[in-house]
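Residue 632 in the numbering used here is what sits at position 170 of the sequence shown, and the numbering runs on without skipping anything.
For each residue, glycine too, the CB sits at the ideal point set by N, CA and C.
Notes follow once the structure below has been shown.
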Amino acid sequence: MKETAAFINVSAQNELLRVYDSAVYERLRQTLDLPREVILAENLEAHRERLSKASYLFSTWGMPALTEEQIEEYLPNLKAVFYAAGTVQGFARPFLNRGIKVFSAWAANAVPVAEFTVAQIVLSGKGYFQGMRRMEKGGREAFNAYAHSLPCNYQVKIGVLGAGMIGSRVLKMLQGYDFETLAYDPFASDEKLAALGAKRASLEEIFSQCQVISNHIANLPATQKMLRYEHFSKMKKNAVFINTGRGAQVAEEDLARALREEPDRTALLDVTWPEPPEGDSPLLALPNCILSPHIAGSINNEVARMGAYMAEEYEAFSGGRSCRYQVTLDMLETMA
Numbered sequence: 463m464k465e466t467a468a469f470i471n472v473s474a475q476n477e478l479l480r481v482y483d484s485a486v487y488e489r490l491r492q493t494l495d496l497p498r499e500v501i502l503a504e505n506l507e508a509h510r511e512r513l514s515k516a517s518y519l520f521s522t523w524g525m526p527a528l529t530e531e532q533i534e535e536y537l538p539n540l541k542a543v544f545y546a547a548g549t550v551q552g553f554a555r556p557f558l559n560r561g562i563k564v565f566s567a568w569a570a571n572a573v574p575v576a577e578f579t580v581a582q583i584v585l586s587g588k589g590y591f592q593g594m595r596r597m598e599k600g601g602r603e604a605f606n607a608y609a610h611s612l613p614c615n616y617q618v619k620i621g622v623l624g625a626g627m628i629g630s631r632v633l634k635m636l637q638g639y640d641f642e643t644l645a646y647d648p649f650a651s652d653e654k655l656a657a658l659g660a661k662r663a664s665l666e667e668i669f670s671q672c673q674v675i676s677n678h679i680a681n682l683p684a685t686q687k688m689l690r691y692e693h694f695s696k697m698k699k700n701a702v703f704i705n706t707g708r709g710a711q712v713a714e715e716d717l718a719r720a721l722r723e724e725p726d727r728t729a730l731l732d733v734t735w736p737e738p739p740e741g742d743s744p745l746l747a748l749p750n751c752i753l754s755p756h757i758a759g760s761i762n763n764e765v766a767r768m769g770a771y772m773a774e775e776y777e778a779f780s781g782g783r784s785c786r787y788q789v790t791l792d793m794l795e796t797m798a
């Protein structure tokens, strides 16, 4: 007899049908009683019978932040939640407190972010981003002059802030280039960094020595606005700061000040705080600050990778095999 499961979300305008595409859905249905209908947080009572039998919940962006009391009342037989997206900070604790397993596809979402980041690092080495803006005003010669002011992509230092899932993947991918990589992460072991080909360094060392600095620090209260003027002002004349992590870690006025003081510096920001930036944000008027609309993470076809990861985790968990992407209460203290 198949076990009961359900899709759940806070909104009818959700990504569940794309994240759990037809191939993944049919894969799950081989062993699960799993209707395509999405149960909304506001309609728990109408689905009480199914929820009371459910062993598993599947969700993505928009997973409801249920209370322990709601979990006890509506989901008495729940074993696990499979979240086909990244951070679980907004909903996981009540489930974990009740002994329910939580799995996240953060590793799947890390793939496009790492790819996007490494592409930006390599293109930054050639001065591509600011060079394109300079070419719009000064022509080919302006771009060429800027590109030739850079050391480019051989034997330069690249700094990675945070060696979690995304930062680690970036470091691993950078091993295929002739870079020297420095990493800042107080929680990563020396063995882990060595395996990733990175040298442990302080924030001060990274900002003062590296040609490109990429932020992947976990988004926690303690990390908000931790990157300040004392760091950005140490950047080399033509260094690049990349942020595909979270905007809250950056003191944006401080970053803007450092960019104004040295126009050859560049910031590539896929995230800001707030997001999108407000109309009076100092970042918007700076020619050496290039903003993209939070596109580094999974979009379009890429979102189905997250559903596939969660299908694999469900199969491993239900089959009594080792799982790769389980989240624990201890992990919530340091992960994004």
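Leaving out five residues on either side along the sequence, give the residues of the same chain with a beta carbon under 8 Å from the beta carbon of residue i.
i	result
Asn763	none
Arg498	Phe469, Leu479, Tyr487
Ser473	Leu502, Gly524
Glu530	Pro556, Asn559, Arg560
Ser664	Tyr646
Asp483	Ala766, Gly769
Glu534	Arg560
Ser514	Tyr536, Leu537, Pro538, Asn539
Using a Cβ-Cβ cutoff of less than 7 Å, which residues in the same chain neighbour residue i once the five nearest sequence positions on both sides are dropped?
i	result
Lys654	Ala625
Glu795	none
Met635	Ala576, Val580
Glu571	The displayed chain sequence assigns Asn, not Glu, to residue 571. The answer, listed in chain order, is Ala547, Gly548, Gly759, Ser760, Met768.
Met597	Ala604, Phe605
Leu746	Pro739
His509	Ile501
Ala718	Pro744, Leu745, Leu748
Taking the alpha carbon of residue i as the reference point, which residue from the options has its own alpha carbon closest?
i	options	result
Ser651	Glu666, Ser630, Asp640	Ser630
Thr685	Met697, Pro648, Lys698, Cys672	Pro648
Cys672	Met627, Ala656, Arg602, Ala645	Ala645
Arg512	Met525, Pro526, Asn539, Glu531	Asn539
His678	Asn705, Ser670, Asn700, Lys698	Asn705
Ile583	Pro744, His756, Ala701, Leu745	Ala701
Tyr608	Glu507, Lys599, Gln592	Gln592
Gln532	Ser521, Ala503, Gly552	Ala503
Gln551	Leu528, Val573, Glu535, Glu534	Leu528
Leu730	Gly741, Asp742, Pro755	Pro755
Glu666	Met688, Phe565, Arg510, Leu658	Met688
Gly782	Val481, Lys541, Gly741, Ala798	Lys541
Ala798	Glu534, Ile628, Glu723, Ala656	Ile628
Asp495	Tyr482, Glu465, Leu506, Asn505	Glu465
Tyr787	Pro526, Thr522, Tyr482, Ala569	Ala569
Arg690	Ala720, Phe565, Leu506, Lys699	Ala720
Thr662	Met463, Asn681, Ile620, Gly601	It is Arg, not Thr, that sits at residue 662 in the sequence shown. For Arg662, the nearest C-alpha among the options comes from Ile620.
Gln492	Glu723, Met463, Glu737, Lys699	Met463
Ser670	Leu682, Asn681, Lys699	Lys699
For residue i, I'd like the list of residues in its chain whose CB is within less than 6 Å of its CB, leaving aside the five on either flank, ordered along the chain.
i	result
Pro749	Arg595
Gly587	Cys614, Asn615
Thr734	Gly709
Cys785	Glu775, Ala778, Phe779
Val500	Phe469, Asn471, Leu478
Pro725	Asn750
Ile562	Leu540
Phe703	Ile675, Ala729
Asn476	Gly524
Leu753	Leu731
Taking residue i and residue j to be in contact with their CB atoms under 8 Å, please state how far apart those CB atoms are, rounded to whole angstroms.
i	j	result
Phe641	Val622	Their Cβ separation, rounded to whole angstroms, is 10 Å, which puts Phe641 and Val622 out of contact at 8 Å.
Leu490	Ala516	About 13 Å separates the two Cβ atoms, so there is no contact after all.
Phe520	Ala567	That pair is no contact at about 11 Å.
Gly638	Leu612	With 8 Å as the limit, Gly638 and Leu612 do not qualify as a contact, their Cβ atoms being about 20 Å apart.
Ala660	Leu633	5 Å
Phe553	Pro574	The pair is not a contact, with the Cβ atoms about 23 Å apart (cut-off 8 Å).
Thr522	Val564	Not really, about 14 Å apart at Cβ, beyond 8 Å.
Residues bridged to residue i by DSSP?
i	result
Arg662	Ala645
Ile752	Leu730
Gly621	Leu644, Ile675
Glu465	Leu494
Ile704	Ser676, Leu730
Asn471	Leu502
Lys563	Ala542
Leu791	The partner list for Leu791 (beta bridge, DSSP) is empty, contrary to what the question assumes.
Ala516	Thr466
Using a Cβ-Cβ distance cut-off of 8 Å, determine whether residue i contacts chain C.
i	result
Asn571	The structure shown has no chain C; it contains just one protein chain.
Worksheet item: Quick one: any contact between the stretch 782-793 and the stretch 555-563, if contact means 3 or more CB pairs under 8 Å?
Response: yes
Discussion item. With three or more C-beta pairs closer than 8 Å as the rule, is the stretch 766-778 touching the stretch 543-552?
Written reply: Yes: at least three Cβ pairs fall under 8 Å.
Worksheet item: Do the stretch 680-694 and the stretch 708-724 touch if we need at least three Cβ pairs shorter than 8 Å?
Response: They touch, by the three-pair rule.
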